[in-house]
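Numbering (the working numbering), first residue to last: 263 to 612.
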């Protein structure tokens, strides 16, 4: 009798592991016909969910609470096939809740506001708690070797995870929300970083603090003015080069554009392997894709609104056209999103 051995299914998808802000977004667009929509949010949550949408395997590391907010957040992650086994749900954890309110200014132009207090009580909503450094060894015991490690908060556990992954060849993507009063820790983050991406609004003095390039690739986003970068393999590696933005025909909500940009950069650079062997043209291609994806999402409600109206094939096609023409243009029979929301009191989530 001939015995046959079942072949183990091989996962050939790129893997990104990340830690940082994984939150529950409550999206309100001001229309009484549209119920609040509850989606995974936070920089880390968004970037890893977008990468999963683009075909990656993703694993967020987060220290959340065991409550209804986490259940809603995990439900959305699973919808997009994000792996959740590195998310803990404990009594000492915290699931950040962010109210994402889409508004219009006096000229009727769209704007958004993030709120961190419960409108029902005026009390602060749950805030971010980092993964504990004592839990890093058990995370590393999983022996998963990602192509990229992403982190967006400065803390000891993130640095230790980055250092361990980097030693095995992982590319480290650091997207700080600010430096705050942690310059020494910030500099420690730079020591293990391959790519740093930051907003000129959040860290306006980066060039003054670091007149010379600190990591292989530095990216500063400039809002409506696009972005600029410094790269180790540029002829003048300490000089900034600009990348123009793409214009959206109609902007509904600009929130999340930076997260799409980060995901696009990671997605594009995955094939480069060793970043120090990449060409300047590779970097420009990656930045252009990131800019295009961010511009596309501005046509939808929420930080990842495009995902709920378009599939990944359609978004990639629109991004290619955007890069070729310089502008976001597509016609879309907008599907009604009111059925995506639900009537819920914030107190029910806590």
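For glycine and all other residues, C-beta sits at the position ideal for the given N, C-alpha and C.
Asked, Found
"Contact set for residue 418: own chain, Cβ-Cβ below 6 Å, skip 5 residues either direction", "395"
"Residue 538 vs residue 500 beta-carbon contact at 8 Å", "no"
"Whole-angstrom distance between residue 580 and residue 558, CA atom to CA atom", "8 Å"
"From 471, 313, 560 and 358, residue whose alpha carbon lies closest to that of residue 328", "358"
"CB of residue 457 within 8 Å of CB of residue 472, strictly", "no"
"Alpha-carbon spacing of residue 514 relative to residue 299, whole angstroms", "16 Å"
"Between the CA atoms of residue 427 and residue 369 - distance to the nearest angstrom", "48 Å"
"Simplified DSSP state of residue 601, which is helix, strand or coil", "Below a pLDDT of 50, predicted positions are generally treated as unreliable, and residue 601, at 48, falls in that range; the measurement from the model is reported next regardless. Note: residue 601 maps to helix in three-state DSSP."
"Three-state class that DSSP yields for residue 289 in the structure shown", "strand"
"Proximity to residue 363 [Cα-Cα], best of 583, 609, 564 and 611", "564"
"Close beta carbons around residue 284, own chain, < 6 Å, minus the five adjacent residues each side", "304, 306, 307, 322 and 324"
"Residue 609 - DSSP class collapsed to helix/strand/coil", "helix"
"Among 433, 516, 309 and 546, nearest to residue 365 - alpha-carbon criterion", "516"
"Distance between beta carbons of residue 585 and residue 554, contact taken as under 8 Å", "5 Å"
"Three-state secondary structure (DSSP) of residue 282", "coil"
"Cβ distance (whole Å) where residue 302 is taken to contact residue 339 below 8 Å", "5 Å"
"Residue 357, DSSP secondary structure in three states", "coil"
"When 495, 412, 346 and 549 are compared against residue 506, the one with the closest alpha-carbon", "549"
"Alpha-carbon to alpha-carbon, residue 313 and residue 272", "Caution applies to residue 272, whose pLDDT of 44 falls short of 50 and renders its modelled position unreliable; the model cannot decide the point."
"Cβ-Cβ distance between residue 424 and residue 610 below 8 Å", "no"
"Completely contained beta strand (DSSP E) runs for the stretch 483-516, where each covers 3 or more residues", "489-493 and 503-505"
"Nearest-angstrom Cα separation, counted from residue 509 out to residue 606", "36 Å"
"Strand pairing of residue 590, partner residues [DSSP]", "510"
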